[in-house]
Amino acid sequence: MTDQTTDTRMDATRPRASAAHKSSGLLGLTGKDLGLFIIVALLTILAPFILNPFPEGSALAQFNGGYPDLMQRFVIFGIFAIGFNILFGLTGYLSFGHAAFLGVGSYAAIWMMKLLTLNVIPAIIMSIVFAGIFALIVGYISLRRSGIYFSILTLAFAQMSYALAYSVLTPITGGETGLQLKATDTPLLSNLGPTEIGRANFFGVDMRASYEMAIGDWLFTFNAGYYIAAVFMLLSFYLAIRLFRSPFGMMLRAVKSNQQRMNYTGLNSRPYTLAAFVISGMYAGLAGGLMVAMDTQVGPERMFWTASGEVVLMTILGGAGTLIGPVLGAGMIKYMENIVSKINDGILHQWFAFMPDGIEDFLVFVIHPFIGKGWHLTLGLLFMLVVIFLPGGLVEGGQRIASVFRRKETKTSTVEKSAAEQQQHSE
Amino acid sequence: MTSSNFTRRGLLKTGAASGTVLATPTIFTGAAWAEAHTGFTNAPQGDTVTLGFNVPQSGPYADEGADELRAFELAVEHLNGEGDGGMLNTFSSKTLEGNGINGKRVEYVTGDTQTKSDAARASARSMIEKDGAVMVSGGSSSGVAVAVQALCQEAGIIFMAGLTHSNDTTGKDRKANGFRHFFNSYMSGAALAPILAAQYGTDRKAYHLTADYNWGYTTEQAVRESTEAQGWETVNAVKTPLTQTDFSSYITPVLNSGADVLVLNHYGGNMVNSLTNAVQFGLREATANGKQFEIVVPLYSELMAQGAGENIAGILGSQNWDWKLENQLGERYIGTNAFVQSFGNKYGRPPSQAAHTCYVQTLLYADAVNRAGSFNPCAVVEALEGFEFDGLGNGPTLYRAEDHQCFKDVVVVRGKENPENEFDLVEIVEVTPTDQVTYAPDHPQFGGDDATLGECNPGA
Amino acid sequence: MGILEVKNVGKRFGGLQALGDVNLSVKENTCHAIIGPNGAGKSTLLNCLIGKLIPDTGSVMFDGQSVLGRKPHEINQMGISRVFQTPEIFGDLSVFENVMIPCFAKRDGSFRMHAYESCDAETDIIAKAEAMLDEVNMLEKRNVVASSLSRGDKRRLEMAMCLSQKPKLLLLDEPTAGMARADTNNTIDLLKTIKAKGELTMCIIEHDMHVVFSLADRITVLAQGTPLVEDTPENIKGHPKVREAYLGEAEV
Amino acid sequence: MDGLILQILNGLDKGSAYALIALGLTLIFGTLGVVNFGHGALFMIGAFCAVTLQRILNLGFVDEGATSSSVGGFSFGGAQETPYVEHWFGEAVGGTIIDWSVPLAILFAIPVMMLVGIAMERGLIKHFYKRPHADQILVTFGLAIVLQEVVKFYFGANPIPTPAPDAFTGSFDFGVLIGYDPFTIVYPYWRLVYFVFAMVIIAAVFGFLQFTTFGMVVRAGMADRETVGLLGIDIDKRFTIMFAIAACVAGLAGVMYTPINSPNYHMGMDFLVLSFVVVVVGGMGSLPGAVLAGFLLGILESFASMAEVIDIVPGINQIIIYLVAIVILLTRPRGLMGRKGVMEE
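Residue numbers (full-length UniProt numbering), protein chains in the order written: chain V, 1 to 427; chain Y, 1 to 460; chain S, 1 to 252; chain F, 1 to 345.
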């Protein structure tokens with residue numbers, strides 16, 4: 001299912017031939033890309049501050065997201081979405097079974113930790129390898145078809161993986177209760193006490209280790225696991241930028257744009273799509289491995305179709321085909337899931353306690369359906385609002401805000417820009 | 001630089017409120033807060049303690065989760081000395097006086113498990129890392145219970161399991177920091193078997209339909225072994241996918257299989273659908289081998305009974321507790337009425353067994369902390385291990401030290417033929433006494449010799 | 001022996017004999033036109049040459065090798081490029097990228113995992129693409145999204161894409177259809193220039209006789225799936241069979 | 001043998017549900033070119049039309065002398081209500097009306113689903129015809145979540161029993177008809193009703209498309225939307241009606257399904273993925289393909305759930321549908337009866 005109308009306007013996929021003569025900048029990135037990468041790197045490094053804007057104990061502290069688990073989830077699902085976007089955003093092939101690769105990566109990682117070593121690096125490497133191999137098999141078969149037929153093939157593989165992991169593969173996957181590290185696990189390269197339960201570490205640094213800093217009423221947590229995951233995310237993001245700007249990335253966009261022309265231009269689209277599929281499967285595997293590294297447990301629901309659907313939604317919500325969009329989408333969905341779902345009526349009453357009783361109760365009554373157990377409702381509404389008002393996803397929201405400022409500065413527009421706008425109006 | 005393995009938000013809530021403005025970054029270490037209650041994760045500071053109630057709020061078990069949450073809120077109310085005190089008045093241990101836990105006022109946070117282990121752990125971690133919860137409770141499935149229990153063990157806080165029925169929770173996946181009040185598959189089998197034999201005879205042929213995942217396996221095994229010990233024969237056992245909604249293709253083979261009893265090792269939506277389908281196909285009216293055909297549902301719940309409607313009429317099953325226990329079977333189950341009255345007054349409905357177990361677990365935790373005089377998980381574990389108590393609705397109960405499983409009577413119930421109202425769907429048939437459902441800690445259904453609690457982990 | 005040898009090619013679609021028994025020989029560095037009324041099988045023949053269709057019978061030899069059974073991209077890599085009747089371009093990509101892609105295909109073959117290199121660093125490709133765009137006078141539109149080009153520009157772009165591959169054989173399927181006179185003349189001039197270089201064989205399908213007679217060295221007339229006649233443009237002009245074929249069309 | 005016959009009946013019955021949902025989905029795919037992730041929600045809303053009607057009919061007032069359960073002085077729900085319907089029409093007639101609430105819900109559901117369909121198409125889907133499929137997925141998925149959360153808010157998450165009329169409880173003895181012993185091949189009446197109902201709906205939809213001018217235009221629109229638009233036919237209006245019809249088909253499938261399995265708020269999502277598989281296996285843009293695939297998958301699923309089969313291939317019942325889908329899509333590029341070029345890009 002190719003989108004004929006999207007993405008050409010996105011900065012991320014904009015033709016940038018005008019920059020062709022510039023010498024390559026820092027890290028091989030130039031201009032906007034370098035700026036974007038630096039911004040993302042700064043945001044990632046400073047996330048403990050940025051995500052904890054409200055002082056502890058204040059009414060709004062509920063909205064703080066700067067605790068290790070959520071920060072880890074942001075970057076892990078960011079990786080997952082970045083990888084998914086390489087396939088979907090560039091080639092237009094909509095995989096509906098990507099969670100299977102995440103799951104396979106997770107199982108591979110936990111088995112490494114159970115059997116070989118509690119160091120997370122071998123586990124993560126194995127998760128990438130296994131997910132890559134599985135993606136190769138699934139991709140090789142599924143890519144024989146295109147469009148929705150491809151989507152359903154990938155969906156079918158993922159659902160089979162889920163169903164089998166839940167049931168007959170219980171000896172390997174732990175079934176419903178999944179796999180955790182246990183006192184009886186004695187990895188080859190570790191010296192655990194007889195009843196000691198292993199902990200994931202990075203050359204001795206416990207993934208759970210945190211450094212806390214208090215400034216006034218604010219408390220900021222710097223978690224070792226988060227920073228390790230963040231390094232992987234930045235690396236993934238960097239590689240994704242390189243890929244987007246590479247001839248290979250151009251070929252993938254060519255697949256999406258006109259596969260027939262591509263073939264008659266002497267390019268074999270199959271290995272390109274397969275390579276994109278495997279790469280994005282390996283990203284998913286990396287995300288799965290990191291999930292285990294951060295929190296040593298795997299359950300089969302990780303492979304259910306809703307999990308595959310989630311990454312699709314993340315990517316579209318953020319802006320398919322853009323570099324940063326999928327990360328934003330992932331962050332948004334995970335934030336809703338973890339923060340909004342935890343707000344309960346008691347907290348609402350606290351917030352509105354300063355108001356007269358009648359108004360307080362009324363406000364609680366109005367907001368009640370959207371919080372706590374109603375967080376799905378808020379999420380669904382968010383999806384609809386974004387797609388209705390921001391056709392390019394959250395990234396377009398950002399662009400619109402940016403363009404408001406830009407318009408104030410200058411009214412000159414390049415050919416490139418006017419072409420992009422033209423494209424936008426034609427929709 | 002490593003200061004803690006799980007952050008301790010509790011610290012700052014009060015620490016900062018006292019007006020301390022720290023101009024320079026400070027590393028919190030255990031020593032910096034050398035008070036009585038340190039050296040473990042989320043040691044409560046100040047005059048409050050935070051508990052985490054992690055229940056399914058979305059997905060198929062959302063209503064059960066909602067009921068659990070009601071019970072938690074009620075328990076917190078009672079612990080803080082509000083309301084009528086509920087079971088505080090009947091509990092055999094008298095340390096709970098309505099002044100919070102260990103003198104600290106109880107606060108709580110809630111989260112949504114979505115009945116997915118990943119989501120449940122994410123939610124539990126946010127309670128531990130963000131909100132400084134010192135105990136997590138709740139849940140409505142064994143997958144979630146096992147996952148969250150393992151997390152709490154790693155984090156060094158206490159897990160008081162909600163509704164989880166699989167043997168594994170206190171079997172092969174048992175953990176030192178985890179405790180289960182709810183009964184389990186083995187107990188269901190052991191409790192049901194003698195009553196099934198008495199009601200339906202000892203020469204029955206059973207056909208099992210089993211949900212194709214861990215809980216289904218343990219339940220099938222438990223019921224099979226117990227009924228076969230009574231002389232029953234198992235004709236066939238077929239596994240059904242969790243995601244199945246229409247069970248017709250599993251039901252029809254039962255008709256001509258030679259079986260005269262159908263055992264549905266299903267829970268939740270699976271059970272509602274499979275039972276509805278079985279009744280549709282006329283199994284309730286059928287006869288086989290010259291006997292009336294019977295259907296058995298090892299694990300009953302009020303919500304499932306509501307979902308299945310009139311189809312549950314006459315179906316036998318087991319429960320951890322029922323709100324009519326004390327009324328019908330008397331003093332032994334004291335506490336039941338106190339709880340039901342308190343719950344009913346607040347919410348206008350009787351509590352489910354899920355609500356009951358969650359309420360009781362909260363009280364048990366609070367009491368253990370009071371008796372131990374500390375929130376330190378290891379102290380709590382010590383206080384709970386081997387603890388014998390009464391007055392919480394199940395009669396005399398033991399928290400066994402070897403596997404952290406409660407041992408108490410099991411209620412065998414039957415779906416009412418003519419329910420008087422929407423809450424009165426089952427009738428109590430009999431109660432199987434504790435000693436009949438007790439098993440050895442190293443029972444093969446519970447992981448055998450390999451199963452170990454490990455050591456209690458205080459975290460930090 | 002021509003660079004392209006089509007022998008006894010036949011193709012049926014259900015009950016319809018699209019191509020009967022086509023024989024065609026195209027000499028290297030010439031321009032061979034195929035003309036004929038609508039439905040004569042011209043496009044079908046072209047599709048057989050590039051691997052879009054596989055003929056039921058016969059053989060197609062290019063440069064001494066059979067193209068039958070090869071995939072489209074393999075055939076292209078052998079040196080056959082095609083300009084389509086409706087321009088097949090990468091609509092979502094910029095004009096410049098559209099030309100870069102065939103340059104990559106020419107240099108790197110049908111697949112290369114160049115995922116880490118930056119496009120901006122491919123100076124040789126950029127230079128080639130720029131030169132090519134310059135040649136078709138589209139350099140100033142290099143950053144325009146291809147789908148927003150005018151139809152004439154799209155055709156020129158496609159032509160540029162094909163030419164940038166430096167194919168041995170260029171197949172042109174009605175390259176001037178729907179073009180204004182001026183554009184048509186431009187295209188003729190462009191093709192003439194290329195032809196003058198003498199490095200490229202062309203095979204052109206065209207209705208516009210002005211184009212055909214301006215460019216072609218030899219002409220094959222196709223009717224109802226079979227070649228009626230093959231000859232030089234001068235001889236074709238007055239050929240009775242040709243007139244008959246076209247008159248036959250006029251009656252329909 | 002009797003086992004196989006029963007499984008074929010099961011398969012036809014499951015297939016009816018699959019086919020009905022897939023039919024509406026493929027109509028929307030085919031006519032409007034929209035990937036509608038909200039289709040499962042329409043099925044669910046249909047089912048809750050039945051629940052709502054049941055609730056409405058059971059509205060009543062407290063009767064005297066009702067029993068109540070009480071514990072320690074607290075009584076629950078207790079009071080038995082007499083439904084107004086029984087009060088107005090007498091116990092016999094009123095009781096029958098309540099008993100027949102599910103079939104009656106069909107009359108209730110048709111206008112409701114029509115309205116829902118029209119509102120959805122005019123208010124939302126219409127604006128997404130020219131948008132990429134990705135946007136369609138996001139907006140319809142968002143809508144599906146919102147709809148199911150609204151239902152959850154009002155009806156809870158627990159399944160709600162909605163029994164069939166008493167006249168349809170019990171089973172029909174097929175075996176006797178074809179020479180088997182009594183009670184070997186019996187099949188519940190309501191499931192037979194469901195099958196017949198599905199057949200009628202499918203026939204009606206096909207007949208409507210085949211024999212009416214309206215249907216002809218829509219079919220032409222499915223084949224080539226632009227051309228039909230060029231003919232000056234107001235295809236948009238027809239597409240709105242088509243969407244409403246598809247919503248209706250899904251909704252009615254939901255209404256009739258309620259006695260088979262008690263409805264709950266997420267039943268739509270449970271069916272959603274399956275119905276996509278059915279549509280795609282049937283082939284994009286093909287109505288007969290969708291119906292055929294529905295029955296095929298239903299029957300194969302039933303066979304795969306037999307103990308004899310599971311013993312040979314453990315877990316086959318878990319994956320059969322997906323396995324079959326893969327095999328079919330690999331051997332037949334466009335599913336069973338798919339048209340070329342529909343959703344292939």
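The beta carbon of each residue, even a glycine, is placed where N, CA and C say it ideally should be.
Could you spell out the range, first to last residue, of the alpha helix (DSSP H) harbouring residue i?
i	result
H39 (chain F)	H39 to L57
T273 (chain V)	S269 to M294
G307 (chain Y)	E302 to A308
S43 (chain S)	K42 to I50
Would DSSP call residue i helix, strand or coil?
i	result
I219 (chain S)	strand
K334 (chain V)	helix
V360 (chain Y)	helix
F213 (chain S)	helix
G109 (chain S)	coil
G283 (chain F)	coil
M160 (chain V)	helix
S147 (chain S)	helix
P369 (chain V)	helix
M213 (chain V)	strand
W111 (chain V)	helix
Terminal residues of the continuous beta strand (DSSP E) containing residue i?
i	result
R263 (chain Y)	The displayed chain sequence assigns Val, not Arg, to residue 263 (chain Y). Element bounds for V263 (chain Y): V261 to N265.
F13 (chain S)	L4 to F13
T50 (chain Y)	T48 to V55
S20 (chain S)	The sequence shown places Gly at residue 20 (chain S), rather than the Ser named in the question. L16 to V26 is the extent of the beta strand (DSSP E) around G20 (chain S).
Starting from residue i, follow its DSSP beta bridges and name the residues at the other end.
i	result
I158 (chain Y)	Y:M135
K31 (chain S)	Note that residue 31 (chain S) is Cys in the sequence shown here, rather than Lys. Paired residue(s): S:M202.
Q65 (chain S)	S:F62
T91 (chain V)	Note: T91 (chain V) sits in no beta bridge, so no partner.
A246 (chain F)	A246 (chain F) is not bridged to any residue.
G60 (chain F)	F:P83
How many whole angstroms separate the CB atoms of residue i and residue j, which I take to be in contact at a CB cut-off of 8 Å?
i	j	result
G178 (chain V)	G103 (chain V)	Contact doesn't hold; Cβ gap of about 10 Å is too wide.
G178 (chain Y)	A124 (chain Y)	Contact doesn't hold; Cβ gap of about 12 Å is too wide.
A120 (chain Y)	A147 (chain Y)	6 Å
Q436 (chain Y)	A222 (chain Y)	Rounded, the Cβ-Cβ distance is 13 Å, inconsistent with contact.
Q114 (chain Y)	G156 (chain Y)	With 8 Å as the limit, Q114 (chain Y) and G156 (chain Y) do not qualify as a contact, their Cβ atoms being about 25 Å apart.
V140 (chain F)	F37 (chain F)	For the sequence presented, residue 140 (chain F) should be read as Thr rather than Val. The pair is a contact, with the Cβ atoms about 4 Å apart (cut-off 8 Å).
G221 (chain F)	I235 (chain F)	5 Å
If we count the other Cβ atoms within 10 Å of its Cβ and call it buried at 16 or more, is residue i buried or exposed?
i	result
R181 (chain S)	exposed
S66 (chain S)	exposed
G268 (chain F)	buried
Y283 (chain V)	buried
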